[in-house]
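End of the sequence shown sits at 143 in my numbering; the numbers just go up one at a time, nothing left out.
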Amino acid sequence: MLTSTMVVTAMIFATILTASVFALVFVGLGGDETIETILTAMPGGATGALIFAMALIFILGFFLDFVEISVIVLPLLAPPLILLGHDPLWLAVLIAINLQTSFLTPPFGFSLFYFRGAARRRSRRGRSTAALCPSSACRSSP
Numbered sequence: 002m003l004t005s006t007m008v009v010t011a012m013i014f015a016t017i018l019t020a021s022v023f024a025l026v027f028v029g030l031g032g033d034e035t036i037e038t039i040l041t042a043m044p045g046g047a048t049g050a051l052i053f054a055m056a057l058i059f060i061l062g063f064f065l066d067f068v069e070i071s072v073i074v075l076p077l078l079a080p081p082l083i084l085l086g087h088d089p090l091w092l093a094v095l096i097a098i099n100l101q102t103s104f105l106t107p108p109f110g111f112s113l114f115y116f117r118g119a120a121r122r123r124s125r126r127g128r129s130t131a132a133l134c135p136s137s138a139c140r141s142s143p
């Protein structure tokens with residue numbers, strides 16, 4: 002039990018370490034300025050940039066865990082969005098809701114696996130996903 006805990010902890014620290022190295026290299030090569038330029042040039046101004054960022058986080062939620070999104074993507078997107086005039090608290094709330102929705106969407110949705118484990122044996126994954134779709138739609142709507 003202790004060994005598996007150490008392995009999981011080491012994997013989380015490895016993810017954070019490699020994300021920090023990636024961010025350092027990315028900033029060193031001017032990638033943060035490129036992202037800021039892209040976000041400021043979005044049609045719709047600050048609102049268009051926010052919609053683009055939320056859509057990107059939502060799509061990444063299909064394939065990545067929230068830890069990877071939080072450690073790799075958010076440090077690149079959040080500062081330019083704050084500089085565009087978005088309130089940091091409301092931006093954090095929007096991102097948290099968006100990341101919560103990624104828990105419910107297949108193929109990576111953790112909640113689907115938890116739900117299936119608690120459901121009856123003959124429950125199929127497709128049926129579980131269909132049951133969670135209305136909740137996901139309500140959460141994603143403005």
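Virtual Cβ for every residue (Gly too), placed ideally from N, Cα, C. For clarity, every value in this text was computed on a predicted model and none was experimentally measured.
_Residues near A24 by beta carbon distance below 8 Å, same chain, minus five either side_ = Taking the sequence shown and counting its residues from 1, the one referred to as residue 24 is at position 23. In the same chain as A24, and ignoring 5 residues on each side of it, the C-beta atoms closer than 8 Å to its own belong to I73, P76 and L77, in chain order.
*Determine the burial state of L90: buried for a count of at least 16 other Cβ atoms within 10 Å of its Cβ, exposed for fewer.*
On the sequence shown, position 89 is the one that residue 90 refers to. So L90 ends up on the exposed side.
*Could you check where the alpha helix (DSSP H) with L78 kicks off and where it finishes?*
Your numbering for residue 78 matches position 77 in the sequence shown. It spans L75 to L84 - the alpha helix (DSSP H) in which L78 sits, taken as one unbroken run.
*Own chain residues within Cβ distance below 8 Å of T16, not counting five before or after*: In the sequence shown, the residue the question calls residue 16 occupies position 15. Taking T16 as the centre and dropping the five residues before and after it, the same chain places the C-beta of V68, E69 and V72 closer than 8 Å to its C-beta, in chain order.
*Let me know the secondary structure DSSP gives G29 once reduced to three states.*
Within the sequence shown, numbered from 1, the residue matching residue 29 stands at position 28. Three-state DSSP puts G29 in a helix.
*Is DSSP giving L65 helix, strand or coil here?*
On the sequence shown, position 64 is the one that residue 65 refers to. If DSSP states are grouped into helix, strand and coil, L65 belongs with coil.
*Please go through the same chain and pick out, in chain order, the residues whose beta-carbon is closer than 6 Å to the beta-carbon of L61, but skip the five residues on each side of it.*
Numbered from 1 along the sequence shown, position 60 holds the residue referred to as residue 61. Around L61, the same chain offers I70 as residues with beta carbons nearer than 6 Å, after the five sequence neighbours per side are excluded.
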